[in-house]
Every structure is written in C-alpha cells, then in structure tokens.
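Have a look at the structure below, then the notes.
In our numbering, the protein residues as written are 1228 to 1371.
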C-alpha cells in the first residue's frame, strides 16, 4: 500500500501571546507549592467566565481520545497528570483572554500541536487536533 506524504507549511502562530500564557509546564508546575495549578499569576478579570471556559476545556480534553491515551499511557513522563491539569488551565486562560475576532482555530491547533509534542511526546495525525481547536473556539464564542 503506497502512502502519499504531503508537506504542509503551517502558519506561524502568534508565539508571543501564546507562550506568554504557557511558557513551560515544568516551570509552571515547579512554581506551585501545591499541585493545584493556577492558569496565571493574576486572576482572570471575569472569574465566572473563566471557570465556565475551564469546565468546557476539561470536558473537551476528557472526550479527546488521542489526548486521553497519551495521558493514560503517561507519555508526558512521571508528571503527566500535572501537565494535564496545567494544559487545561493555560488553554482556558488563552481562550478567556482572546476576543472573538482574534480567535483562530489554525493558530490554536498549531499551538496545541506544539504543546502536545513538547510536553506529552504526542504527534496527533488523525485530524482530531483541528476538530478540537474548532470546537473550543466555536463554543467559547457562543458563550460570550
């Protein structure tokens, strides 16, 4: 069976904004004295909205088969469960901080792809990454 490989040039994500939210899970985890991770040093200005987005993100991550297999198999190392909580928080923070006009599913998919590769040693090639990004953005836009 022949497989055709297509090289895709990805749009460069807005790294300044994305990495300001999530520099490194290890840094974020180390800065916490307890394992209850916080999305950022400052509290979100709209705490109820942030909590609703965090609940949405957690639900989407919990339903995402590729991601859950990586978490269950501890692909992120001994701190995989901490990284899982961290990802939910930084993703919720990112979605809360963006306005509807600046939300881009391709940018979010690229950012998630980088995080999953760097933190969980996971490369998602089943198309679910893009679907997750689109779903999150659509749902957050509907919540506003």
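Just so it is clear, CB atoms sit at the ideal spot from N, CA and C, and this is done for glycine as well. As the structure is a computational prediction, the values presented were derived from the model and not from experiment.
- The beta carbon of residue 1350 is closer than 7 Å to those of 1344 in its chain, skipping five residues each way along the sequence.
- Here residue 1371 has 1327 as same chain residues with Cβ atoms under 7 Å from its own Cβ, once five neighbours each way along the sequence are excluded.
- The shortest C-alpha to C-alpha distance from residue 1281 to any of 1337, 1320 and 1308 is the one to 1320.
- Counting along the chain, residue 1328 sits inside no alpha helix (DSSP H), nor does DSSP assign it H or E at all.
- Closest by C-alpha distance to residue 1341, out of 1324, 1318, 1362 and 1329, is 1318.
- Of all alpha-carbon atoms in 1293, 1369 and 1347, the one lying nearest the alpha-carbon of residue 1306 is that of 1347.
- Residue 1298 and residue 1362 have their C-alpha atoms roughly 21 Å apart.
- Judged by DSSP secondary structure, residue 1287 falls within the alpha helix (DSSP H) whose first and last residues are 1274-1290.
- For residue 1273, the number of other beta carbons within 10 angstroms of its own is below 16, and it is reported as exposed.
- Distance between residue 1296 and residue 1309, taken at the CA atoms: about 15 Å.
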